[in-house]
Amino acid sequence: FSWNLYAQERFSFAWLADLHIADGSASIHDLQDCIDDINANDSLRFVVLAGDITEFGSDREIRMAHTLLKGLNKPWYIVGGNHDSKWSESGCNTFAKTFGYEHFNFEVEGVRFIGTNSGPNMRMAPALHPRESMVWLDSIANAIPKEQPVVFINHYPMDTSMLNCFQVLDVLKKANTQLVLGGHWHNNVKLDYQGQ
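Numbering follows the numbering used here, in which position 128 of the sequence shown is assigned residue number 126; successive positions increment by one, without gaps.
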């Protein structure tokens, strides 16, 4: 992505989603190729990863993905998706423990990037934006300057595939949200959320 509509200076970043890292899978080599390409591209400022980093959310897969991603030579920010939690053997705790957080908030050239995890909050549950993430997101949306452009990163599209998508959209309307990036459907498409 290259962002220059509101930014103080033009900048580019890499966005990855739905890596589905698993033992013996080609996804491991695919991710390493992506890391090599990103590291070789001096124009990229940072990397955002939007969920489904692993196939089954096993402790081993999460650690494997973390080890690979540590090879990036740029700052990177990550949130989990349904595959990172749905079959979790740790009660959905290993992702946060391994990566150190479940949401992020940073600014580049005047553009605010906010990312939150989403998916089942227990084994085989339906997808949602967890309550603690909703509280955190609301506090950020209320605190940032109203004119500052916001890019929101979440694994799920803001549609009914996530139970509380309308509540998330209501919070995002409090901020100057310009773009929502997600994965999940494995398609490169532009979507419209409630006319925005």
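Positions of the beta carbon are idealized from the N, C-alpha and C atoms, including for glycine.
Per DSSP, the bridge partner or partners of residue i
i, result
"residue 42", "10"
"residue 133", "Answer is none; residue 133 lacks a bridge partner."
"residue 140", "Beta-bridge pairing links residue 140 to no other residue."
"residue 105", "110"
"residue 178", "150"
"residue 48", "77"
"residue 19", "52"
"residue 98", "Its beta-bridge partners do not exist; DSSP assigns none."
"residue 117", "126"
Nearest-angstrom beta carbon gap, residue j and residue i [assumed within contact, 8 Å]
i, j, result
"residue 125", "residue 161", "6 Å"
"residue 72", "residue 43", "7 Å"
"residue 48", "residue 153", "6 Å"
"residue 101", "residue 137", "Wrong, their Cβ atoms sit about 11 Å apart, outside the cutoff."
"residue 128", "residue 140", "19 Å between Cβ atoms; not a contact."
"residue 54", "residue 112", "27 Å between Cβ atoms; not a contact."
"residue 97", "residue 46", "Actually they do not touch by this definition, with Cβ atoms about 13 Å apart."
"residue 52", "residue 20", "7 Å"
"residue 195", "residue 87", "The requested residue 195 is not part of the displayed model; the chain covers only -1 to 194."
Environment of residue i [buried if 16+ CB atoms lie within 10 Å]
i, result
"residue 40", "exposed"
"residue 99", "exposed"
"residue -1", "Per-residue confidence for residue -1 stands at a pLDDT of 49, beneath the threshold of 50, marking its modelled position as unreliable; the derived number appears in the next sentence. Counting Cβ neighbours within 10 Å, residue -1 comes out exposed, since fewer than 16 surround it."
"residue 59", "buried"
"residue 16", "buried"
"residue 194", "Caution applies to residue 194, whose pLDDT of 48 falls short of 50 and renders its modelled position unreliable; the model cannot decide the point."
"residue 27", "exposed"
"residue 169", "buried"
"residue 158", "exposed"
"residue 22", "exposed"
"residue 163", "buried"
"residue 76", "buried"
Whether residue i touches residue j by CB criterion (8 Å)
i, j, result
"residue 37", "residue 14", "no"
"residue 50", "residue 81", "yes"
"residue 166", "residue 156", "yes"
"residue 144", "residue 174", "yes"
"residue 78", "residue 117", "yes"
"residue 106", "residue 9", "yes"
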